[in-house]
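If you count by this note's numbering, then the sequence shown holds residues 67 to 338, one letter each, in order.
For each residue, glycine too, the CB sits at the ideal point set by N, CA and C.
Note that this is a predicted model, so its numbers are computed, not measured.
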Amino acid sequence: MNRKYRKTVIAGNWKMNKTPSETKEFMSAFKAILPKGRWCDVVFCVPAVCIPAAVRAVRDTRVCIGGENMNPNPSGAYTGEISASMLLDAGCKYVIIGHSERRAMGETDEDVNAKVLAALEAGLTPIMCCGESLEQRESGVTEEWISMQIKNGLKNVPEDKMRKVIIAYEPIWAIGTGRTATPEQAQEVCQGIRTVVRKLYSSKHARAISILYGGSMNEKNAAELLAQADIDGGLIGGASLVPEKFVQIIEAANPAPLQPEEEEPVEETAEA
Ligand code: 13P
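Shown next, in the form of structure tokens:
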């Protein structure tokens, strides 16, 4: 984390878990134990049918809601799909794009790019995911692969819209496996992502972008991961389904008190 230059974001990805009624129950339990201090931005990306219940439940808090996917087209004959404007109108501020579980269903870098552009156009904050498989890591192509995913995903994203983009590094081999990347492994890739953003845009953009780690992040390993210079938060699956665990991760984003010169307010990413 580097709270002087960028926001810390703790985001849950509920995947295909919880019904609207369970969402309501979860949120009341979560709100009862949500820490008061504003140490980080807190987001829940939830199944589409849970969005209304989630938005209603967090209305009186600083918590934001997001979608887990979207279609890049504005409207039309795309049965079962959801557009950026639908998410926005339902009260979402964020949307996960290019999760490896969607890429495994056939989503390409080009699709990811179209979705990122459409999300930004609509005023949503995209959480663009990238990550390598175990085979890719073992064959030594991680850096090259991630760099390609980032370049392709950000194609034609204008400089002024980059302040809204969040990148999540999620090594596929660490997702839902209990096998977390070591803080050093995660830091190395997140630092590499920042270098790619620097080359594509500028040092200023690279310094300002929040890069999250995801993959078996939990209440036990969060502090160590978040202590890394280039890890600005987490995208959390399993541990975001349990209020107590998710709150402990939010608490882990509360490092030593800010130094006086670090107290300047950071610009809101989620607000238009
Ligand atoms: P887990 O935290 O369950 O490993 O999931 C990570 C993830 O895929 C978040 O998007």
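Starting from residue i and walking both ways along the alpha helix (DSSP H), at which residues does that stretch end?
i	result
Thr133	It should be pointed out that residue 133 corresponds to Gly in this sequence rather than to Thr. No alpha helix (DSSP H) contains Gly133, which is instead part of the beta strand (DSSP E) from Cys130 to Gly133.
Ser276	Segment Ser276 to Gly280 is the beta strand (DSSP E) holding Ser276; no alpha helix (DSSP H) there.
Val124	Ile117 to Val124
Lys102	Neither: Lys102 is in no alpha helix (DSSP H) and is coded neither H nor E.
Lys311	Pro309 to Ala318
Ala295	Element bounds for Ala295: n/a, residue is neither H nor E.
Can you say whether residue i is buried or exposed, counting buried as having 16 or more other CB atoms within 10 angstroms of its CB?
i	result
Pro138	buried
Asp226	exposed
Thr89	buried
Lys102	exposed
Ala77	buried
Tyr160	buried
Asp155	exposed
Met344	Nothing about residue 344 can be read from this structure; the chain reaches only from 67 to 338.
Ser149	buried
Pro237	buried
Gly146	exposed
Lys265	exposed
With respect to the beta strand (DSSP E) encompassing residue i, which residues constitute its N-terminal and C-terminal limits?
i	result
Ala77	Val75 to Asn79
Ile302	Gly299 to Ile302
Cys256	Note, Cys256: premise wrong, no beta strand (DSSP E); alpha helix (DSSP H) at Pro249 to Leu266.
Val108	Asp107 to Cys111
Kindly examine the ligand 13P and report whether one of its heavy atoms sits closer than 6 Å to the Cβ of residue i.
i	result
Ile241	yes
Ser276	no
Asn79	yes
Ser199	no
Gly280	yes
Looking at residue i and the ligand ZN, is the gap between the Cβ and the nearest heavy atom below 6 Å?
i	result
Ile302	Judged by which ligands are present, the ligand ZN is missing from the structure shown, whose ligands are the ligand 13P.
query = So does the region 135-149 actually touch the region 176-195, counting three or more Cβ pairs closer than 8 Å?
reply = yes
query = Could you give the uninterrupted runs of the alpha helix (DSSP H) lying entirely in the region 152-237, keeping only those of 4 residues or more?
reply = 166-169, 175-188, 200-204 and 208-219
message = Could you check whether the region 160-180 touches the region 195-203, counting it as contact only if at least three pairs of C-beta atoms, one from each stretch, sit closer than 8 Å?
response = yes
message = With three or more C-beta pairs closer than 8 Å as the rule, is the region 269-281 touching the region 243-261?
response = yes
ask   = Can at least three beta-carbon pairs, one atom from the region 241-250 and one from the region 276-290, be found at a separation below 8 Å?
value = yes
ask   = How do the region 288-298 and the region 247-254 stand: do at least 3 beta-carbon pairs fall below 8 Å, yes or no?
value = yes
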